[in-house]
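Protein chains: 2
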Amino acid sequence: MLKALRPESVKKCSKEELNVLCDELRRVIYETVMQCGGHLASNLGAVESTVALFYAFDFPRDKIIFDVGHQCYAYKLLSGRLDRFSTLRSAGGISGFPKRKESEYDCYDTGHAGTSVSAAIGLAKAQELTGKSGAVIAYIGDGSFNNGLVYEALCSLKILNVKILIVLNDNDMSISPTVGGMHDMLAQIKQNGRAENVKLLENFGLKYIGVKNGNDLEEMLEAVDEAKTLLNTQSVLLHIATKKGKGYEFSEEHPTNTHGVPPVGSPKDKEYSEVLGETLCSLAKNDGKITVVSAAMKEALGLAEFFANYPERAFDVGICEENASVLCAAMSAGGLKPYYAIYSTFLQRAFDEIIHDVCAQDLPVTFCIDRAGISGADGETHQGVFDLSYLSLIPNLTVAVPKDTEELKKMLEFSATYPHPLAIRYPRAGKVLFEGSDKPMKLGEWEYLHRVDGKKHARVTLIASGERCLILAMKVLKNLEKQGKSFDVVNARFVKPLDVELLRGLDGEHVITVEDNVFLGGFGAMLDGEAVRLKKTWTIKNFAYRDEFIPQGGVCALQKEYGVDCEQIEAYILGILQ
Amino acid sequence: MLKALRPESVKKCSKEELNVLCDELRRVIYETVMQCGGHLASNLGAVESTVALFYAFDFPRDKIIFDVGHQCYAYKLLSGRLDRFSTLRSAGGISGFPKRKESEYDCYDTGHAGTSVSAAIGLAKAQELTGKSGAVIAYIGDGSFNNGLVYEALCSLKILNVKILIVLNDNDMSISPTVGGMHDMLAQIKQNGRAENVKLLENFGLKYIGVKNGNDLEEMLEAVDEAKTLLNTQSVLLHIATKKGKGYEFSEEHPTNTHGVPPVGSPKDKEYSEVLGETLCSLAKNDGKITVVSAAMKEALGLAEFFANYPERAFDVGICEENASVLCAAMSAGGLKPYYAIYSTFLQRAFDEIIHDVCAQDLPVTFCIDRAGISGADGETHQGVFDLSYLSLIPNLTVAVPKDTEELKKMLEFSATYPHPLAIRYPRAGKVLFEGSDKPMKLGEWEYLHRVDGKKHARVTLIASGERCLILAMKVLKNLEKQGKSFDVVNARFVKPLDVELLRGLDGEHVITVEDNVFLGGFGAMLDGEAVRLKKTWTIKNFAYRDEFIPQGGVCALQKEYGVDCEQIEAYILGILQ
């Protein structure tokens, strides 16, 4: 029946039909995610509550903001996007997150955790001041509810003096199980509805409604109806207990593994995350001061083994990127050697703490930054293409980019005795690509991966940062060598500091930079500035992403489309060497 | 008696002596702040509690982290810094904030709000893992207690499983009065100790102790003693009600005006903040969609009048920089025209929200960024020298820098119909410095402030961004013209986008950039990159701050010391024109 259903007809369904609808939604979600990859468990758990909200409210006049947005598939299917749903997460297709450009039913884009309550308050205020009616709903998981931004929003609910509905979808899970003080409180409320805890929420101006089984459609319909009525006079917190992965047995049992799912048949490399985990375990064996901090992502970051082997030195603080950063700074100030592993895009949340707590105090915290560069199918909100820029501008911070998984290992060994802040950034998939060298890592030292025979300096030197870009470089080199042409290739394994000695001695005519980052403030831009300082008269060409948000798509296709491209590099060099 | 007192002797004082000590501390603080400027009201309010903590605990073996750090003067005086205290906030002198480099009694540097609880947890964990004993205390005001980072830290207290003491110094004030849900709860606890609220704190693993008058030494001594005993078995929240400005009548009555105090006899200019307030009021008169959001700084930002005139469209959300940013994004998505006024250094906290909420959705939020560039006496944690870099790297964001207060007004008028995200950054003090032009502001268009007579292009073009740098430029020009030499001066009032048309047509030999920002990722660096793209063969020289944290001192002296210097610019140009 989903196929024939128009959005406005959901309200006219009988309860039996709504139950059928839930089953159909669940099947479409499951089948699509198996094809396209995506968030499985979170979307399966949100089906009944989404149907109940769609039944009771009047979207898009009423508005809903999905926190993080990784549980909006049922909502997308109900709001007229079934036809295109098989394009999920592919270039030009349906996004895995809410997108205003995609549908009038999506009123606010999300991707990072904790923004939904602030956004609901802001939208409700806008409705009021522009004279529009309509309810505003924030749909948020218990994992996000730990995030500081949500607390700031709750504190401001009375100040802005608006009425919103917060649906707290509580499945005891972030990507990893939810942890910490707020979660304990929610657990107590769920168990026995302790009045004093409910009272707390009322301090923030929220009326509490609890739903014991948020995957029971009947219960959900009743509760949403009650919430809708209450919303006429005050803000409401509708706390629903759900099962992550609901309806798909393997996912119910393995919610962490099925939080995000790759398409069936994806290749399995040894990833950077695995090397991170192994190396930190091995370093920790000989150094009791090593600690590891994660913000709800320990499995995806390769740290499960470390957490199992060194539980007293491993801390998952939930989706609290800022707190994780300050904890590391303070641990370091207290004599420990902390490693903070995190995705590139989420580290943006801790930008001020990296400056104010870690770097201003020059504390030897090591940031292990995964999913750097274009990350692909998750789109704009998840691309890790800003980190070289926002990290390099910070004094005292060294920024390193391994050329392959073997070099990540070496960098981590280097970090063990490095007495200053250090950031190491790398993409997800990785391999041992280049022949190893026995030389230990030296701060700021680059290496030649290829030199033109018999020349002190080639006319053209290509300097690339990170595995993806060096792969492009070596591919271009191979193609050109077939035509009897050649150039030097340098691995810029430190983006900050630049290898000024190497650059000073570089007397070729042409320098080319390649990076997996936006141009502005990035590696190429830093090299341009250094060339000015060194009074170099090279002709420089920078390959980097142009100044736009990069949407979802395949990594290679996006690299090409946004400015980092084998063919263009080859054409450029041919233009010189012809 | 303060003069003869060694830190370790405080414990041996009688209660009478401690009372005398409080009076003396208060007098030294008052007199020093009148001389040097600094935080007055917050430090006066913290005297008794600091003395009580110093009496009961054993610093520096025990450790205390002052949140924000603007209430640590009594602690500094007790810990052996009386002799040097008259150098407060001057170059090379005593810092107005805790500084590890200054004394072993300062265990963790602060400056921004909300870091103390995370830091205390991290330090306590470090004590445990490195086998050291000693209590760890976070001393935090109720204004900071609204901050999301504090909530994240509270959520993680049980996860890290350490015992800390949190002293919550509750004076009902941030810089402005404290507001919001958490404050209401604290107010209720203070009034009648409602059990259900206290219970909440216990969910986080905190035992609650309340002190009705935290400026009563006797009460404080008893409570600290109780807290110290409890701390053996669990974490404690010691909630003390104090009076901001205590003991100085004018300050008690005007805590906002005396939060930060300039030295007596400081000159009073018409500041950028005043122009901001006036212009927004005047724009709001004709545009009902204009809203203003502030994070606990409305007076310092010049917005008091706006808040008085348009209370329904003005929102102070407390020290919640991230929430303020998302609120603006959502208001904008809902059809309003929000202005977010904030200090440069504090906006760092909202870096991810600027990217993820405002710019990725291309929403027309206007950031009015005060205290940009070197801010002077507050030191490392307060310099606004990173904003050109961390803002320019973000797609969809325009970055403007007015040359004087008159141009700020024009930029705000420009913003009223500008349909994309916009950041306008300016320092504190400002004037109308340059002759006005009637031309309306055009996106990305620079202007010549001086052209060498009769030349299409001078040999030397100096391009400067912002009032301070243009003042330097015009001063150098005046000096050189006395010697019969001259150069072109350009006002780069947009740092992003650069005026590419002007640059493309620029055919002189030498280009010089000057900015009030670090070099990396800043204006000069962007121009260097653009020169590469445009294949320009200019000889470029960039004047900007070098890659270091800039300590406290006078603005001009620091500009010079860190790389932006009249004499050097003059010498450089003379070197060319000789």
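For the protein sequence lines, the chains are A and B, in the order given.
Numbering-wise (our numbering), the first sequence opens with residue 1 and increments by one.
Numbering-wise (our numbering), the second sequence opens with residue 1001 and increments by one.
All C-beta atoms in this analysis are idealised placements derived from N, C-alpha and C, irrespective of residue type, glycine included.
B:P1395: contacting residues in chain A (beta-carbon distance under 7 Å): Contacts between B:P1395 and chain A, judged by CB atoms closer than 7 Å, involve D547, E548, F549 in chain order.
Sequence-distant residues of the same chain with beta carbon closer than 6 Å to A:G444, five excluded per side: Contacts found: F494, P497, D499.
Chain A residues whose Cβ lies nearer than 8 Å to that of B:R1100: A333, Q361
Completely contained beta strand (DSSP E) runs for the region 494-533 of chain A, where each covers 3 or more residues: The qualifying runs are 494-496, 510-518.
Positions along the region 123-137 of chain A whose CB lies within less than 7 Å of some CB in chain B: Correct list: L123, K125, A126, Q127, L129, T130.
Which of helix, strand or coil DSSP assigns to A:V432: coil
Chain A contacts made by the region 1142-1158 of chain B, where a contact means CB separation under 8 Å: N1146, N1147, G1148, L1149, V1150, Y1151, E1152, A1153, L1154, C1155, S1156, L1157, K1158
Contacts that B:Q1348 makes with chain A (C-beta to C-beta distance below 7 Å): F351, D352, I355
Start and end residues, alpha helix (DSSP H) containing B:E1447: Under the DSSP assignment, B:E1447 falls outside any alpha helix (DSSP H), being part of the beta strand (DSSP E) whose first and last residues are 1447-1450.
CB contact flag (A:K541, A:Y572, <7 Å): yes
6 Å Cβ shell around B:P1255 - same chain, five flanking residues per side excluded: A1041, M1173, K1244, G1245
In chain order, each beta strand (DSSP E) run of at least 3 residues that lies wholly inside the region 1256-1306 of chain B: 1290-1294
Where A:F523 falls, given that 16 or more other Cβ within 10 Å makes a residue buried: Of the residues assessed, A:F523 falls on the buried side of the cut-off, its CB having 16 or more other CB atoms within 10 angstroms.
Interface flag, A:S392 vs chain B, CB-CB below 7 Å: yes
With 16 other Cβ atoms within 10 Å as the buried cut-off, status of B:T1130: Exposed.
Contact with chain B by A:G529, beta-carbon distance below 7 Å: yes
The region 357-370 of chain A / the region 539-558 of chain A touching (three or more Cβ pairs under 8 Å): no
Interface residues of chain A facing B:R1459 [CB-CB closer than 7 Å]: Ordered by position in chain A, no residue passes the 7 Å Cβ test against B:R1459, which lies about 17 Å from the chain.
Through-space distance from B:H1070 to B:D1170, alpha-carbon basis: 14 Å
Straight-line gap, A:L558 to A:C566 (C-alpha atoms, nearest Å): 12 Å
B:L1336: contacting residues in chain A (beta-carbon distance under 8 Å): Those are K125, A126, L129, T130, listed as they occur along chain A.
Anticipated Cβ contact below 8 Å, A:V261 with A:V33, distance rounded: 5 Å
Proximity test, Cβ basis, 7 Å: A:V293 and chain B: A:V293 is outside the set of residues whose beta carbon lies under 7 Å from a beta carbon in chain B.
Contact set between A:N171 and chain B, taken where Cβ atoms lie within less than 9 Å: Here the premise fails: no neighbours, minimum Cβ distance about 17 Å.
Where the region 1085-1109 of chain B meets chain A: residues whose CB sits under 8 Å from a CB there: Per Cβ criterion, the list reads R1100, C1107, Y1108, D1109.
Rounded separation between B:T1366 and B:Y1339 - CA only: Cα-Cα distance, rounded: 5 Å.
Residues of the region 1367-1378 of chain B whose Cβ lies closer than 8 Å to any Cβ of chain A, in chain order: none
Cβ contact (3+ pairs, closer than 8 Å) linking the region 301-313 of chain A and the region 321-335 of chain A: no
Integer-rounded CB distance, given that A:I424 should sit under 8 Å from A:C368: Sure, about 6 Å apart at Cβ, within 8 Å.
B:V1490 versus A:L393: straight-line alpha-carbon distance, rounded: 25 Å
Coarse secondary structure for A:G318, derived from DSSP in three states: Shown here, A:G318 sits in coil according to DSSP, grouped into three states, outside any helix or strand.
Beta-carbon contacts of B:A1187 that lie in its chain and below 8 Å, excluding the five residues immediately before and after: D1172
Contact list for the region 271-300 of chain A against chain B, Cβ threshold 8 Å: Considering only beta carbons, the part of the region 271-300 of chain A lying closer than 8 Å to chain B consists of G288, K289, T291, in chain order.
Exposed unless 16 or more other CB atoms sit within 10 angstroms - verdict on B:E1407: buried
Contacts that A:S14 makes with chain B (C-beta to C-beta distance below 9 Å): Here the premise fails: no neighbours, minimum Cβ distance about 35 Å.
Nearest neighbour of B:C1469, chosen from B:H1457, B:L1449, B:K1456 [CA to CA]: Nearest of B:H1457, B:L1449, B:K1456 to B:C1469, Cα basis: B:L1449.
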